[in-house]
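Notes follow the structure.
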Amino acid sequence: MTDGKIPAVRLGDDGPEVGVQGLGCMGMSFAYGPTDAGESRATLERALELGVTLYDTADAYGAGENEKFLSPFFKAHRDEVVIATKFALSIPPDDPTRRVIRNDAPYIRQAVEASLERLDVDVIDLYYMHRRDVNVPIEETVGVMAELVREGKVKHLGLSEVTAGELRTAQTVHPIAAVQSEWSLFSRDIEANVVPTARELGVALVPYSPLGRGFLTGSFANAEKDLTADDFRRQQPRFTGENAAANVALLEPVRTVAEAHGVSLGQVALAWVQQQASVHGLPLVPIPGTRKVGRIEENTAATRIELTKEELALLEPIAAKVAGDRYADMTFTSAGRE
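Residues in the sequence shown are numbered consecutively from 240, following the working numbering.
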C-alpha cells in the first residue's frame with residue numbers, strides 16, 4: 240500500500256471538486272456502537288492526507304452531535320474540505336427515537352441555521368435533502384434550497400433517496416450537484432432509472448453504504464449475534480436471522496476475487512462501486528464510513544484496484560439474490576416511488 244493521494248473528480252457539471260472517495264462520518268458518534276473520539280479524529284486527519292476531501296454528515300446523526308463532533312476538524316481545514324450535511328429527518332421532542340420527514344420551508348430554514356451553528360461555519364458546501372416528504376412538491380423544497388444558495392448559506396445542492404422523476408423536476412428549479420443513494424454489490428436498484436437520468440443531467444452519484452453497512456467486508460455475519468445492542472444494524476432485515484445466513488453465502492464470489500488480487504473483501508466491494516463510474520459514464524464518489532485509520536487506508540487503496548470483465552461478471556448476480564430489505568421501514572427510501 241502506498242501513501243499516494245486518490246485522484247479528484249467534480250460533483251456534477253458545476254459542483255465542487257473532491258477526491259474520488261469520500262468519508263461517511265455518521266458512525267463516528269452515532270448508530271454503530273461504542274466509539275473512540277481520539278481514533279475518529281485521527282481517521283479524519285489521515286483521510287485528508289490521502290486525498291479524501293468530501294466529508295458527509297447530517298443533522299439527524301445523533302440529533303446534531305455528529306455535526307458538533309466534526310466542527311473542530313472542519314475549522315482546522317476549512318479551505319481543504321467539502322462539508323456535506325443534510326436536513327429532513329425531524330426529531331419529535333416527545334420521542335427522540337422517532338424521525339419525521341419534513342421538507343417544508345419553515346423547517347428547512349430552521350434546519351440550515353441549526354447546522355451552520357453546530358458546524359460553526361459561514362456556509363455549507365453541499366446541502367442535501369435527506370429524505371423526500373411526498374406531501375410537499377419537490378419544486379417547492381428545492382426552491383427554498385435555491386434561496387439558501389442565493390443568500391450565501393449554501394454553495395451546492397444535493398438530494399438523497401429520490402426517484403429519477405423527482406431528480407428531473409428538481410433540476411428544472413436549480414442545478415443539483417449530487418444524488419446520494421445506497422449503491423453496492425447488495426443494492427443496485429438505482430441503476431434502472433436514477434443513474435441514467437443523473438448521467439443525462441450531469442449530476443454526480445454519491446453512493447452511501449457501499450460496503451453494505453460493513454456486511455460486505457465479512458466483519459460480521461449476524462447482527463443480533465455479532466454486534467452490540469446499540470448498533471442499529473440489528474434492526475435491518477438483511478443482517479438478522481435467515482436473511483443473514485443466506486446473504487453470508489453471497490460473499491463467496493467476493494472472496495474469490497479478493498484472493499485473486501491479494502486484497503480484502505471490502506476492497507473488492509469498494510473497487511466494484513468505484514468502477515461503476517466508468518461502467519455508467521458519470522462522476523461517482525462513494526462515502527464508506529469508518530472511524531479507524533487502518534480502514535481509511537484500506538478503503539482509499541481500493542481506488543487503485545481494477546476488476547476484470549470476468550470478475551465483474553462473477554459479481555454481477557449477487558444483488559438479485561440478496562435476502563431482506565435495506566430497512567425495516569422502506570417508506571424512508573425512494574424504492575416505493577420509482
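Heads up, the beta-carbon is just placed ideally off N, CA and C, and yes, glycines get one too.
query: Identify whether residue 513 lies in helix, strand or coil by the three-state DSSP scheme.; result: helix
query: Among the residues of its own chain, which have a CB less than 7 Å from the CB of residue 240, if the five just before and after it don't count?; result: The pLDDT assigned to residue 240 is 39, lower than 50, so where the model puts this residue is not dependable; a value taken from the coordinates is nonetheless given after this. Here the set comprises 536 and 540.
query: Taking only the alpha-carbon atoms, compute the straight-line gap between residue 468 and residue 370 and give it to the nearest angstrom.; result: 26 Å
query: Would you call residue 416 buried or exposed, if buried means 16 or more other Cβ atoms sit within 10 Å of its Cβ?; result: buried
query: Quick one: which unbroken beta strand (DSSP E) runs of 3-plus residues sit fully inside the region 241-279? Chain order, please.; result: 247-249 and 256-258
query: Quick one: any contact between the region 299-313 and the region 484-492, if contact means 3 or more CB pairs under 8 Å?; result: no
query: Which complete beta strand (DSSP E) runs does the region 365-418 hold, if anything under 3 residues is left out?; result: 393-399
query: Check this for me: beta carbons of residue 509 and residue 450, under 9 Å apart or not?; result: yes
query: Could you tell me whether the region 283-299 touches the region 321-332, where touching means 3 or more Cβ pairs closer than 8 Å?; result: yes
query: With a cut-off of 8 Å, do at least 3 Cβ pairs link the region 286-294 to the region 340-360?; result: no
query: Please report how far the alpha carbon of residue 253 lies from the alpha carbon of residue 320, in whole angstroms.; result: 17 Å
query: Opposite residue 487 in the DSSP bridges: which residues?; result: None, per the DSSP bridge assignment.
query: Considering just the uninterrupted stretch of the alpha helix (DSSP H) at residue 347, what are its terminal residues?; result: 344-358
query: To the nearest angstrom, how far is it from the Cα of residue 413 to the Cα of residue 473?; result: 38 Å
query: Who are residue 444's beta bridge partners in DSSP?; result: 418 and 523
query: Under DSSP, the alpha helix (DSSP H) around residue 312 begins and ends at which residues?; result: 304-315
query: Helix, strand or coil: which one does DSSP assign to residue 323?; result: strand
query: Spatial neighbours of residue 436 within its chain, please: C-beta separation below 7 Å, excluding the five flanking residues on both sides.; result: 403, 406 and 407
query: At which residues does the alpha helix (DSSP H) containing residue 551 begin and terminate?; result: 548-554
query: Quick one: residues in its chain with C-beta nearer than 7 Å to the C-beta of residue 375, no 5 flanking neighbours on either side, listed in chain order?; result: 342 and 343
query: For the structure I just gave you, are there three or more beta carbon pairs, one from the region 497-516 and one from the region 389-399, closer than 8 Å?; result: no
query: Identify which residue in 284, 501, 255 and 448 has its Cα closest to the Cα of residue 364.; result: 255
query: Could you tell me the alpha carbon to alpha carbon distance between residue 517 and residue 511, rounded to whole angstroms?; result: 11 Å
query: My understanding is that residue 561 touches residue 425, with C-beta atoms under 8 Å, so please give their C-beta distance in whole angstroms.; result: 5 Å
query: Going by beta-carbon coordinates alone, are residue 551 and residue 438 separated by less than 9 Å?; result: no
query: Excluding the 5 residues flanking residue 246 on each side, which residues of the same chain have their C-beta closer than 6 Å to its C-beta?; result: 259
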